[in-house]
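Residue numbers (our numbering), protein chains in the order written: chain A, -17 to 199; chain B, 669 to 1061.
Below: the structure, in structure tokens.
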């Protein structure tokens, strides 16, 4: 597993960043910090295949596809497949669908992948929910649980199908200090358990030491 | 694959079933209400016209001061069979009654027209006249008729008649002032056997109303100039006799249509406002689906899938509601008596086929409009992903 960026640049009205070079290697955790508007989230969206760079290359190697490929040269559909099968995402806002209950929300990626909801998957989801302390909220709706629980549920949704790359954009931004640290530790422990590459954007300097690598922006 | 395409549309989750079917039924009711209102307006006019034609015929020739031999109409039928082959001819005897009274009535008398008609058996009064005098079948009333059939001749003849039938004339309540009597019986009462003062012609052909009007008016000119209808019989067309009523109904129909259109326009603007509101709300959900691995094409397809299921279903249910409204509800409803002549069945409610066609047009145009709006909204979002992402986060 590997993400390598070369001379990466993104321009909207003006250049957000240019000539970025870095490698995100498998099973490691990376934290990206920087000032507001410096392009941290934009970089994350480029790595996740949500957006295309204006300049440079994004080289991806996955365990299932050892030959590797340039993410930026893929078509919309192929990038969608990359996100569907290899990427898990957590945001500052939980993005749980209010029309679905929490159980249906965490199974949403499986529905989109077309994965059969087997008893094995259900048990895995239940075990994860127990370890994240949200097992008793599964029958409820997102608006019926606390902010911390909502964020745990969105982490559970991102990690359930064991993605190779886990991208988190300010995952603890909406939480209090203690809850933030707790959630960050959970994320790190899950990433280790599932052997995924974790790339996390955060402002929280207290958690920097928990990550393997620090990518200052 | 199909399941993926219809991810949003098929209510796979129990939590989505309620909003999905609520939307379907909401649209169905809106469509049904629109069609039913149009149907009612149309039916009202059609029923009124039909009723008036039934009551007075397409064209009536009458004389108010002279009677003619009933034989003449038979001869006329024989002579002009070719020209009048699409008409039924009916001799009538119309006499204004100078007195109409029940023995114990409290409300006062009223002027009544007595109409002798060969198709009537016995003495028939309208429902409203019966209600006014609290009559029921078998009751008797007194009537004062001019002997000889003309008001200014002789002294009135007082007769006691027994009601044999009370009929509902539905919307056209002119029957409030008419007593229908068998022609032969009336002629006998006034001592004018085989005499009539009016002839009624009903058109049996396929001409439409406007064509029939032109045809009849041209014929009347010919008949009068050829002295076919002798002396001073005056022709009267039902659309002329009731022109004020019909034109006021037409104006009412136009006004109702305009009001309805304003209501629909307001509903459309409401929907538009709702969609704009929804767009900002749903952009987060779109973004989530995008992150979870759906491409823009799949999102489009999902929307199409949603529309492809939702709208035909809504159209189907709206038609079902119409059938229930038109066919089933009038049968099972206990409101028939309470609502009287305004009950649908009594109104002769019927949806013309053009309205069924309209429902499909509405069913086609409305989703197209929605689809364009939503696609436009999504396209804008797609082209400016950064904005969407910022909006979402």
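Yeah, the Cβ is synthetic: ideal placement off N, Cα and C, and Gly gets one too.
All values derive from a computational prediction rather than experimental measurement.
{"Query": "In whole angstroms, give me the CA-to-CA distance for residue 185 (chain A) and residue 15 (chain A).", "Result": "6 Å"}
{"Query": "Is the Cβ-Cβ distance between residue 761 (chain B) and residue 784 (chain B) less than 7 Å?", "Result": "yes"}
{"Query": "Whole angstroms are fine: how far does the CA of residue 198 (chain A) sit from the CA of residue -6 (chain A)?", "Result": "22 Å"}
{"Query": "So residue 71 (chain A) contacts chain B; which residues on that side make the cut at Cβ distance below 7 Å?", "Result": "959"}
{"Query": "Out of curiosity, what's the CA-to-CA distance linking residue 1053 (chain B) and residue 72 (chain A)?", "Result": "Confidence in residue 1053 (chain B) is poor, its pLDDT being 48 and thus under 50, which makes the residue's placement unreliable; the coordinate value appears in the next sentence. Each residue's alpha carbon lies about 18 Å from the other."}
{"Query": "Determine which residues of the region -16 to 14 of chain A have a Cβ less than 8 Å from any Cβ of chain B, and write them out in chain order.", "Result": "-6"}
{"Query": "Any beta-carbon of chain A closer than 7 Å to the one on residue 956 (chain B)?", "Result": "yes"}
{"Query": "Quick check on residue 109 (chain A): does DSSP put it in helix, strand or coil?", "Result": "helix"}
{"Query": "Can residue 799 (chain B) be considered in contact with the ligand ZN, in the sense that its beta carbon sits closer than 6 Å to one or more heavy atoms?", "Result": "By its list of ligands, the structure shown contains no ligand whatsoever, and the ligand ZN lies outside what it can speak to."}
{"Query": "Residue 868 (chain B) and residue 780 (chain B) - do their beta-carbons sit closer together than 7 Å?", "Result": "no"}
{"Query": "Which residues in the same chain have their Cβ closer than 7 Å to the Cβ of residue 735 (chain B), if we skip the five residues on either side of it in sequence?", "Result": "817, 860, 863, 864 and 865"}
{"Query": "Take the Cβ of residue 200 (chain A) as the centre, count every other Cβ of all protein chains shown within 10 Å, and call the residue buried at 16 or more, exposed below.", "Result": "Examination of residue 200 (chain A) is not possible in this model, given that chain A is present from -17 through 199 alone."}
{"Query": "Give the interface partners of residue 124 (chain A) over in chain B, defined as CB-CB distance under 7 Å, in chain order.", "Result": "Per Cβ cutoff of 7 Å: no residues; residue 124 (chain A) is ~11 Å from chain B at best."}
{"Query": "Examine chain A for any beta-carbon lying closer than 7 Å to the beta-carbon of residue 963 (chain B), and answer yes or no.", "Result": "yes"}
{"Query": "Ends of the beta strand (DSSP E) at residue 11 (chain A)?", "Result": "11 to 15"}
{"Query": "Residues of the region 31 to 51 of chain A with a CB closer than 7 Å to any CB of chain B: list them in chain order, please.", "Result": "32 and 33"}
{"Query": "For the alpha helix (DSSP H) containing residue 861 (chain B), name the first residue and the last one.", "Result": "No alpha helix (DSSP H) holds residue 861 (chain B); DSSP gives it neither H nor E."}
{"Query": "When the Cα of residue -15 (chain A) is compared with those of A:104, A:-2 and A:148, which residue comes out closest?", "Result": "A:148"}
{"Query": "Using a Cβ-Cβ distance cut-off of 7 Å, determine whether residue 59 (chain A) contacts chain B.", "Result": "yes"}
{"Query": "Between which two residues does the beta strand (DSSP E) harbouring residue 129 (chain A) extend?", "Result": "From DSSP, residue 129 (chain A) is part of no beta strand (DSSP E) but of the alpha helix (DSSP H) over 129 to 141."}
{"Query": "Identify the contact partners of residue 877 (chain B) in chain E, using a Cβ-Cβ distance below 8 Å as the criterion.", "Result": "Absent from the structure: chain E. Protein chains present are A and B."}
{"Query": "Just verifying my parser: in three-state terms, what is the DSSP assignment at residue 808 (chain B)?", "Result": "strand"}
{"Query": "If residue 66 (chain A) and residue 961 (chain B) are in contact, beta carbons under 8 Å, what's the gap, nearest whole angstrom?", "Result": "2 Å"}
{"Query": "Taking only three categories from DSSP, how would you classify residue 61 (chain A)?", "Result": "helix"}
{"Query": "Please classify residue 196 (chain A): is it buried, with 16 or more other beta-carbons within 10 angstroms of its beta-carbon, or exposed?", "Result": "exposed"}
{"Query": "Spell out whether any CB of chain A is found under 7 Å from the CB atom of residue 717 (chain B).", "Result": "no"}
{"Query": "How close, in whole Å, do the beta carbons of residue 38 (chain A) and residue -10 (chain A) come, if the pair is a contact with beta carbons under 8 Å?", "Result": "4 Å"}
{"Query": "How would you label residue 726 (chain B), buried or exposed, when you count the other beta carbons within 10 angstroms and need 16 or more for buried?", "Result": "buried"}
{"Query": "Under DSSP, the alpha helix (DSSP H) around residue 88 (chain A) begins and ends at which residues?", "Result": "84 to 88"}
{"Query": "Run through the DSSP bridge pairs and tell me what residue 37 (chain A) is partnered with.", "Result": "A:-9"}
{"Query": "Return helix, strand or coil for residue 791 (chain B), following the three-state DSSP convention.", "Result": "strand"}
{"Query": "Under 7 Å between the Cβ atoms of residue 122 (chain A) and residue 84 (chain A)?", "Result": "yes"}
{"Query": "Could you please give the first and the last residue of the uninterrupted alpha helix (DSSP H) stretch that includes residue 196 (chain A)?", "Result": "Counting along the chain, residue 196 (chain A) falls outside any alpha helix (DSSP H), though it belongs to the beta strand (DSSP E) covering 195 to 198."}
{"Query": "Hey, how far is the Cα of residue 130 (chain A) from the Cα of residue 146 (chain A)?", "Result": "25 Å"}
{"Query": "Let me check one thing: in DSSP terms, what residues is residue -3 (chain A) bridge-paired to?", "Result": "A:-7"}
{"Query": "For the beta strand (DSSP E) containing residue 869 (chain B), name the first residue and the last one.", "Result": "866 to 871"}
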